[in-house]
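**Student:** Residue numbers (my numbering): 1 to 524. Every residue, glycine too, gets a C-beta built ideally from N, C-alpha and C.
(1) Just to confirm, is the Cβ distance from residue 431 to residue 502 under 8 Å?
(2) For residue 102, which of 197, 37, 508 has the nearest alpha-carbon?
(3) With DSSP run on the structure shown, which of helix, strand or coil describes residue 515?
(4) What is the rounded straight-line gap between the Cα of residue 116 and the Cα of residue 270?
(5) Contact check, residue 440 vs residue 389 under 8 Å by CB: the rounded distance?
(6) Using three-state DSSP, classify residue 482 as helix, strand or coil.
(7) Using three-state DSSP, classify residue 493 as helix, strand or coil.
(8) Tell me where the beta strand (DSSP E) around residue 501 begins and ends.
(9) Taking residue 506 as the reference, give the member of 516, 513, 494 with the closest Cα.
(10) Shorter than 8 Å from the beta carbon of residue 418 to some beta carbon of chain C?
(11) Measuring straight from C-alpha to C-alpha, what distance separates residue 217 and residue 226?
(12) Identify the continuous beta strand (DSSP E) that holds residue 103 and give its terminal residues.
(13) From residue 140 to residue 424, what does the alpha carbon distance come to, in whole angstroms?
(14) Assuming residue 330 and residue 282 are in contact, meaning their beta carbons sit under 8 Å apart, how far apart are those beta carbons, in whole angstroms?
(15) Keeping to the same chain, check which residues put their C-beta closer than 7 Å to that of residue 386; ignore five residues upstream and five downstream.
(16) For the alpha helix (DSSP H) containing residue 335, name the first residue and the last one.
(17) Applying the criterion that 16 or more other CB atoms from any shown protein chain within 10 Å of the CB defines a buried residue, is residue 213 buried or exposed?
(18) Among 496, 514, 479, which has the Cα closest to the Cα of residue 487?
(19) I need the straight-line Cα distance from residue 275 to residue 314, nearest angstrom please.
(20) Measuring straight from C-alpha to C-alpha, what distance separates residue 562 and residue 255?
(21) By a C-beta neighbour count over all protein chains shown, 10 Å radius and 16 as the cutoff for buried, is residue 450 buried or exposed?
(22) For residue 158 and residue 380, I'd like the C-alpha separation in whole angstroms.
(23) What's the gap between the Cα of residue 466 and the Cα of residue 279?
(24) Could you check whether residue 263 and residue 290 sit closer than 8 Å to each other, using their CB atoms as the reference points?
(25) Give the range of the beta strand (DSSP E) segment to which residue 345 is assigned.
(26) Thinking C-alpha only, which one of 307, 478, 345 is nearest residue 396?
(27) So which of 8, 316, 336 has the shortest CA-CA distance to residue 295?
(28) From residue 177 to residue 211, what does the alpha carbon distance come to, in whole angstroms?
(29) Quick one: what does DSSP say residue 446 is sitting in, helix, strand or coil?
(30) When the Cα atoms are used, what is the spatial distance from residue 468 to residue 457?
(31) How should residue 407 be labelled, buried or exposed, when 16 other C-beta atoms within 10 angstroms of its C-beta is the threshold for buried?
(32) Using CA atoms only, rank isn't needed, just tell me which of 478, 434, 483, 520 is closest to residue 499.
(33) For the candidate residues 196, 346, 327, whose alpha-carbon lies nearest to that of residue 369?
(34) Tell whether a beta-carbon distance below 8 Å holds between residue 257 and residue 350.
(35) What is the rounded straight-line gap between the Cα of residue 429 and the Cα of residue 11?
(36) Which class does residue 45 belong to by DSSP, given the choice of helix, strand or coil?
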């Protein structure tokens, strides 16, 4: 559908100048007005989706056409016209007459038709969206580099302080050495035997020191502290490997499924709409960019091993993990949308082609959509193991504990949101199965507990059948009821021969606040 566009003479002149200098296609074409059969040669320039002499091409269609009937074989002029190549521009809205054009060269005509087909503003919007995602990614990288630069600046300042301290120590040692020189001059006059004895003593002291140092190192290697540090390092290495695997999974999700489906949604016969693609994948691409940055930071820390500092990376990551809330909240709905889309044979066939990619390793799209659901709990478990092997006086202890508490708080919030969302969807699903509907299930505070079939029996009092307690029921036989228990109400339904559920006309909806449960132990 062609969209309305406002422009004035200044805009038209500016665009015409751009079309003359930078147009996609420029040249002379013959144009036939709708009122007459005469052809007029004019200069045309195509700039994006505007054709000068000025026509708005958004939503139009261009087709090759035969020569007009008036151009049959006859005179030499008619023969020349018969060799022309004609094409027609059909506009997408009523009231705009078709534009008939011709040119002398067939290749030139094909180039004009192809250029007009590709003149669409929607393609420019898609390219702008891709560039915007890259811009956001680069901004995040710049912010990370700024933080790293500040840290390096602080390290340089600390090193300058350390250099000044070492210089002062060297000056003090030089002064001490100047004082010791007279004593060394007296040693040159010592007896040679004394020198040999001192040399042997120096050798023995060195041997004893090396032996003692070897014992100290061996004792430390076998100590619980060293064992704890080895386990801590192994946990860090495993975390880096797990993060690398997770980034690869997100990369496969985005490049093997999201981006191809986004392109398929822009085709002439899309097997899936852009809204469904957004509902299925939501912010998966942003999550991938975030963890690529985090993974690069982890690899940089491992490169500086054994100096291993991780707390600052989690300080950068924590404020950005709120994007997982939206993904987790939307997860169940995205799987439902995917299941509905699979009912389309074209989409199901296309999805199986994507899943056959060797990078997927035989895994389905649902599997890749589930991976982000477990990332926050995985971080919590990793931090718990790290803290178990981190001494209380360690410099990162408090930072890791803070990161663990923030992740646990985020996990609880996401769990509560998922529980509330699932409860609302369950209530709405039950409400849709009841033919008459049930307004109490639209209450968001109504929590589903359980459902099942129960036998409703008439009560016996003094040897006679009395009225049934719950709803109308024949006094001579028992009846099976489909029951639904919620926190505030108890629903009793009957199932018709067609399988549909109907609330009992009397006593179908019971408020549990006004009810009393009595357990009858007597069999009679």
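**Tutor:** Concretely, from the data shown:
(1) no
(2) Of the candidates 197, 37, 508, the one whose C-alpha sits nearest the C-alpha of residue 102 is 37.
(3) coil
(4) Distance between the alpha carbons of residue 116 and residue 270: 21 Å.
(5) Wrong, their Cβ atoms sit about 53 Å apart, outside the cutoff.
(6) Strand at residue 482.
(7) strand
(8) 501-503
(9) Relative to residue 506, the option among 516, 513, 494 whose CA is nearest is 494.
(10) The displayed structure is made up of one protein chain only, and chain C is not part of it.
(11) 10 Å
(12) 99-103
(13) Pairing residue 140 with residue 424, the inter-Cα distance amounts to about 36 Å.
(14) 5 Å
(15) 232, 235, 400
(16) 323-342
(17) So residue 213 ends up on the exposed side.
(18) 514
(19) 34 Å
(20) The displayed coordinates of the chain run from 1 to 524. Any statement about residue 562 would go beyond what the structure contains.
(21) exposed
(22) 33 Å
(23) Bear in mind that a pLDDT of 45 at residue 466, under 50, signals an unreliable position, so the number given afterwards is only what the model happens to contain. Residue 279 has its alpha-carbon roughly 56 Å from the corresponding atom of residue 466.
(24) no
(25) It is not in any beta strand (DSSP E) - residue 345 instead sits in the alpha helix (DSSP H) that spans 345-355.
(26) 307
(27) 316
(28) 29 Å
(29) coil
(30) Bear in mind that the predicted position of residue 468 carries a pLDDT of just 43, short of 50, making it unreliable; the figure below should be weighed with that in mind. Spanning the two alpha carbons is a distance of roughly 7 Å.
(31) In the assembly as shown, residue 407 is a buried residue. Its beta-carbon has 16 or more other beta-carbons within 10 Å.
(32) It is 434 whose Cα lies nearest to the Cα of residue 499.
(33) When C-alpha distances from residue 369 are compared across 196, 346, 327, the shortest belongs to 327.
(34) Residue 350 sits away from residue 257, with the two beta carbons spaced by 8 Å or more.
(35) 55 Å
(36) The answer is strand: DSSP assigns residue 45 an E or B state.
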